[in-house]
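Here our numbering is used: the first residue of the sequence shown is 1, the next is one more, and so on. Down below is the structure, laid out as structure tokens.
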Amino acid sequence: MLPNAGGSVRKGEVVLGVVVRTKYRTKREDGSFLRFDTNAVVIIDKDGNPRGTRIFGPVARELREKFMKIISLAPEVL
1 MLPNAGGSVR
11 KGEVVLGVVV
21 RTKYRTKRED
31 GSFLRFDTNA
41 VVIIDKDGNP
51 RGTRIFGPVA
61 RELREKFMKI
71 ISLAPEVL
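Following this line, the structure appears as structure tokens:
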């Protein structure tokens, strides 16, 4: 377990999050499939903005409609 170095989430706290990567394949409208090596989530506040300021790794382009702020923070969009 990684230490919570000055983080804003306490143990046992229930928070909102957006799944940005899944190991299970996702089918796109054009018929292609998208699959990542890891599962990942971005913790968000009640307004839908990320609580953090950095996102590591790629995110799917399907997030663009509802979570543009996550797209702008991500280093790569697939």
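We treat Cβ as the ideally placed atom computed from N, Cα and C, and that holds for glycine.
Alpha-carbon spacing of residue i relative to residue j, whole angstroms
| i | j | result |
| --- | --- | --- |
| S32 | K11 | 39 Å |
| R25 | L16 | 23 Å |
| R64 | I71 | 6 Å |
| S8 | V14 | 12 Å |
Which of helix, strand or coil DSSP assigns to residue i
| i | result |
| --- | --- |
| K27 | strand |
| M1 | Caution applies to M1, whose pLDDT of 49 falls short of 50 and renders its modelled position unreliable; the model cannot decide the point. |
| R64 | helix |
| T78 | A quick correction: the sequence has Leu, not Thr, at residue 78. Reduced to three states, the DSSP call for L78 is coil. |
Outcome for residue i when other beta-carbon atoms lying within 10 angstroms are tallied against a minimum of 16
| i | result |
| --- | --- |
| R21 | buried |
| V19 | exposed |
| N42 | Per the sequence shown, residue 42 should be read as Val rather than Asn. Buried is the call here. |
Residue i - containing beta strand (DSSP E), residue span
| i | result |
| --- | --- |
| L73 | Careful: L73 lies outside any beta strand (DSSP E), inside the alpha helix (DSSP H) at 68–73. |
| D10 | Note that residue 10 corresponds to Arg in the displayed sequence, not to Asp. Where R10 is concerned, there is no enclosing beta strand (DSSP E), given that its DSSP letter is neither H nor E. |
| L16 | 16–21 |
| I43 | 40–44 |
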